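To keep things clear, I will list the structure first and then write my remarks on it.
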Amino acid sequence: MITIYGSPKSSAGRCFWCLEEAGVTYETKSIDFRASEHKSEAFLKINRNGKVPALVDGDFSIWESLAINNYIADAYKPELLGTTAQERGLISQWSIWSVADLQVPMIDAFIQLVFVPEPHRNADIIAKAFEKIPVMLSTLEEELEGKEFLVADRFTLADLNVSFVVGICDDIKFDLAEYKNINEWRSRIANRDGAKRYKALCA
Ligand SMILES: N[C@@H](CCC(=O)N[C@@H](CS)C(=O)NCC(=O)O)C(=O)O
Numbered sequence: 001m002i003t004i005y006g007s008p009k010s011s012a013g014r015c016f017w018c019l020e021e022a023g024v025t026y027e028t029k030s031i032d033f034r035a036s037e038h039k040s041e042a043f044l045k046i047n048r049n050g051k052v053p054a055l056v057d058g059d060f061s062i063w064e065s066l067a068i069n070n071y072i073a074d075a076y077k078p079e080l081l082g083t084t085a086q087e088r089g090l091i092s093q094w095s096i097w098s099v100a101d102l103q104v105p106m107i108d109a110f111i112q113l114v115f116v117p118e119p120h121r122n123a124d125i126i127a128k129a130f131e132k133i134p135v136m137l138s139t140l141e142e143e144l145e146g147k148e149f150l151v152a153d154r155f156t157l158a159d160l161n162v163s164f165v166v167g168i169c170d171d172i173k174f175d176l177a178e179y180k181n182i183n184e185w186r187s188r189i190a191n192r193d194g195a196k197r198y199k200a201l202c203a
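Residues in the sequence shown are numbered consecutively from 1, following UniProt numbering.
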């Protein structure tokens, strides 16, 4: 049995989505941060960093959301990982870019706009984040010109991992109206059964 630790509405969300795309059966264990369950002895045995997501599959455990998604795809739906060395390289490139570059200003803005009460928000952090985000969205917009998906001509982990981060724009109310290719790509992805099942988990 596969167990995923975390909530679909956190950074674990990309792993819940990947499990839905892979069509595997799994159980969910939410972690109570207020009760410091993530620092409990039992959970630290699963992820010594005391963070979610973490996934246990039988007697195997793994943490770090991108690595978890690679594992799920490799074990249960390998086509999500790419079928050639070049596809796998590019899928890895976009997936790493999504967390190492795109996600950084997104999370800066998210923390301020979602977690920090309005009177205490740091306008400078928000302004800097909103300056950086369009530069990276333009890169994505250009890449998607004339393409249905980021790598190959089908949905892969690159689309899942990158669109998961682009989805933060909805939470921070970053206007995507001018990004035609990104919007069409997001609609294409949102129509997938796996994406719909994942969205339902977040409702
Ligand atoms: N790079 C990690 C980030 C994991 C992470 O920061 N998770 C947060 C929840 S979204 C967490 O568990 N925070 C608890 C803590 O830092 O104490 C991943 O993508 O898996």
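All C-beta atoms, glycine included, are put in the ideal place defined by N, C-alpha and C.
Everything numeric in this text was worked out from a predicted model, so none of it was measured.
Exercise. Sorted by chain position, which residues of the same chain lie with C-beta nearer than 8 Å to Y26's C-beta, five sequence neighbours on each side aside?
Worked result: So the qualifying residues of the chain are M1, I2, T3, I4 and L19.
Exercise. Assuming G6 and I46 make a contact with CB atoms under 8 Å, what is their CB distance in whole Å?
Worked result: In this structure G6 does not touch I46 by the C-beta definition: roughly 11 Å separates them, more than the 8 Å allowed.
Exercise. If you drop the 5 nearest sequence neighbours on each side, which residues of the same chain put their C-beta closer than 6 Å to that of D57?
Worked result: Counting only Cβ-Cβ distances below 6 Å, and skipping sequence neighbours, we find I2.
For this session: Go ahead and label H120 buried or exposed: buried means 16 or more other beta carbons lie within 10 angstroms of its beta carbon, across all protein chains shown.
Result: Looking at its Cβ environment, which holds fewer than 16 other Cβ atoms inside 10 Å, H120 is exposed.
Exercise. Does any heavy atom of ligand 1 sit closer than 7 Å to the C-beta of S30?
Worked result: Because no heavy atom of ligand 1 lies under 7 Å away, the Cβ of S30 does not count as near it: no.
For this session: Inspect the beta-carbon positions of F174 and F130 and report whether they are closer than 8 Å.
Result: Taking a C-beta distance under 8 Å as the contact criterion, F174 and F130 qualify as a contact pair.
Exercise. Which of helix, strand or coil does DSSP assign to Y179?
Worked result: Y179: coil per DSSP, three-state reduction.
Exercise. What did DSSP end up calling A54 once you bin it into helix, strand or coil?
Worked result: DSSP places A54 in strand when its eight states are reduced to three.
For this session: Output yes or no for whether 8 Å exceeds the beta carbon distance between L80 and L157.
Result: L80 places its beta carbon less than 8 Å from that of L157.
For this session: May I ask you to list the residues that DSSP assigns as paired with T3?
Result: The partner list for T3 (beta bridge, DSSP) reads E27 and V56.
Exercise. Hey, out of V116, K9 and I125, whose CA is closest to D108's CA?
Worked result: Distance from the Cα of D108 is smallest, within the candidate group V116, K9 and I125, for I125.
Exercise. Using a threshold of 7 Å, is the CB atom of G167 nearer than that to any non-hydrogen atom of ligand 1?
Worked result: Within 7 Å of the C-beta of G167 there is not a single heavy atom belonging to ligand 1.
For this session: Tell me whether S36 is buried or exposed, calling it buried when 16 or more other Cβ atoms sit within 10 Å of its Cβ.
Result: Its Cβ having fewer than 16 others within 10 Å, S36 is exposed.
Exercise. When you compare each of W97, I172 and S92 to V116 by their alpha carbons, which one comes out closest?
Worked result: That would be I172, whose Cα lies nearest to the Cα of V116.
Exercise. So, helix, strand or coil for S163, using DSSP?
Worked result: Of the three classes helix, strand and coil, the one that applies to S163 here is helix, per DSSP.
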